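Note that the protein sequences, when read in sequence, are chains A and B. Using the working numbering, you'd call the opening residue of the first sequence number 164 and step up by one each time. Using the working numbering, you'd call the opening residue of the second sequence number 39 and step up by one each time. Each residue gets a CB set at the ideal place from its N, CA and C atoms; glycine is no exception. Values in this document were obtained by computation on a predicted structure and should not be read as measured data. Report on the following structure.
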Amino acid sequence: MKKCIVYFCLLFLFLSSANQVGAGAWTQKRGKGFYKLSFRLIRADQFYEPTGNKIDIPTLSDYTTTFYGEYGLTARLTLVANVPMFKRVTLNKQVGSNSGFVFFEGDSKSGVADSEVGVRLGLLPGGSSVLSAEILFGLPIGDDSQTNGLLTGDGEFNQLIKAQFGHSFYPKPLYFSGEFGFNNRTKGYSDEWHYAAEIGYTFSNKFLVSFKLRGVESRKNGNDTVVGGMGGLFANNQSYLSYGPEVSYIINETFGISAGIESATRAENVLSAPAFSFGVFVRR
Amino acid sequence: MMKIGIGNLIVLVFALSCVGTDFITDPPDEMTSMEVTGDSRTGMFVQKPGSSYNVRGTATLEKQGNGNLMLNFGSDFSSSNGPGLAVFLSTTSGRNSGSLNLGNLQRNSGNQDYSVSGNVELGDFDWVIIHCVPFNITFGFAELK
């Protein structure tokens, strides 16, 4: 029975951590960690304009390989890192179908992207409900100067502060978590409100199915001349509500794999296309 | 072993992510040269209908003493910002294969000049457009009168 409870707790930790920047209020035990290597693909030929209109654009693809890690510094304090260690953005060549005239030669950009590091503090750890506070610092290590807007960074040092809540419905294999945060951006970028909610259910102690909502609302208080790329992750004045499922398969108490899909709606300044993600995660 | 795995992953991503080609419908190209009296033509920038992007101000295409043309944006000029913005002379209100690229937009507001090279007459183009080249979006245009 004790083993069963421990395993179930591990499942919650897996699931709550699996969605990287999604909702996850649980802290790691001291000296223990959760690590995930994931690959995310977006290929879009439509774009939500600043007014929310959807327009056609040349095909823009974004391939990102990310390392995400959580490590328990103490029972209450967890180190969090989100490092897109390799991002490749491509924009297709554009050729007139009848004239053969080349309107744009195509372009691409590859490299490390802006990363986030910070800590999560368990305010109300343990029990069926947990409450945490998290601060993440955005490290501008990507490129924010690419001429054609294929950026891997925004060149600004932002601070994202979040309050996180999680609840386990044990003995039912069900959990819910949510978070609300404020992203203070610099260098003319607008500040943002962030929010997320996630519900997950475990089938047969092996398959974890979660559904998440994630939203960003720009305060539109920045400098209008700051663009920050177009369509990518680093555009200014982005707002959206994204949603989608993720399925994780727990191989054993240490390893697991996951796959997810996420779409955006009610969006401004973002690509209009589903994002597909695949990941491998380890807990030790 | 982890190193090899990550290396292979990066190679795989590169292999999957080559820059492709989009074939787009050619915009109309109405090459009609009109007789123009006088040494200059002027137009006011307007927002493209339905567009989120805005361009305002005055554009003046003027014949210089040496016979070459110069395009001037007045001090009232302003444009939304975007990647890869360029200035074109065009026969229509959009970029087509016959549009003449005068170079990148120098700045998003204020007075600026663009020299027109080549054998271009004052009546060859009726439109000045501000166009985002990489994403093929026209931000605004001015019809020269």
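Straight through space, the alpha carbons of L323 of chain A and S155 of chain B are spaced by roughly 50 Å. Considering only beta carbons, the part of the region 128-156 of chain B lying closer than 8 Å to chain A consists of R133, S135, N146, in chain order. Residue pairing by DSSP places D151 of chain B opposite B:N110 in a beta bridge. Using a 10 angstroms sphere on the CB of I205 of chain A, the tally of other CB atoms reaches 16 or more, which defines it as buried. Here the alpha carbons of G316 of chain A and K375 of chain A stand approximately 25 Å from one another.
Boundaries of the beta strand (DSSP E) harbouring K199 of chain A: 196-211, taken from the DSSP string. According to the DSSP assignment, E159 of chain B belongs to no beta strand (DSSP E), since it is labelled neither H nor E. When Cβ-Cβ separations below 7 Å define contact, P221 of chain A makes contact with chain B. If you compare the alpha carbons of A:K350, A:L287, A:N432 with that of A238 of chain A, the shortest gap goes to A:L287. Looking at the backbone, the Cα of V280 of chain A and that of F444 of chain A are separated by about 18 Å.
Excluding five sequence positions before and after Y406 of chain A, the CB atoms of its chain that fall closer than 6 Å to its own CB belong to L376, given in chain order. Per DSSP, reduced to three states, the secondary structure at N399 of chain A is coil, with no helix or strand assignment. Here W189 of chain A is not bridged, per DSSP, to any residue.
The shortest C-alpha to C-alpha distance from A422 of chain A to any of A:F441, A:L371, A:T214, A:D354 is the one to A:F441. As a beta-bridge residue in DSSP terms, Y364 of chain A pairs with A:L337, A:V372. Only residues of its own chain outside the window of five on either side were considered, and among them T190, Q191, E233, G235, R283 have a CB closer than 6 Å to the CB of T241 of chain A, listed in chain order. Put simply, the backbone Cα of Y231 of chain A is about 8 Å away from that of S201 of chain A. Beta-bridge pairing by DSSP links M82 of chain B to B:T96.
In terms of Cβ geometry, N106 of chain B and F126 of chain B do not form a close pair [threshold 7 Å].
Under the 8 Å Cβ criterion, the region 207-221 of chain A does not count as touching the region 243-250 of chain A, having fewer than three qualifying pairs. Around the beta carbon of P408 of chain A, fewer than 16 other beta carbons sit within 10 angstroms, so the residue counts as exposed. Sorting A:H357, A:G289, A:L299, A:G259 by C-alpha distance to the C-alpha of E380 of chain A places A:H357 at the top. The three-state reading of DSSP puts N46 of chain B in helix, counting H, G and I together. Look at P213 of chain A: its C-beta is under 7 Å from a C-beta on chain B. Under DSSP, the beta-bridge partners assigned to D225 of chain A are A:I205, A:V252. Neighbours of V57 of chain B in chain A, taken as residues at a C-beta separation under 8 Å, are given in chain order as T253, L254, N255, K256, G269, D270, S271.
Among the residues of the region 361-376 of chain A, none has a Cβ less than 7 Å away from any Cβ of chain B.
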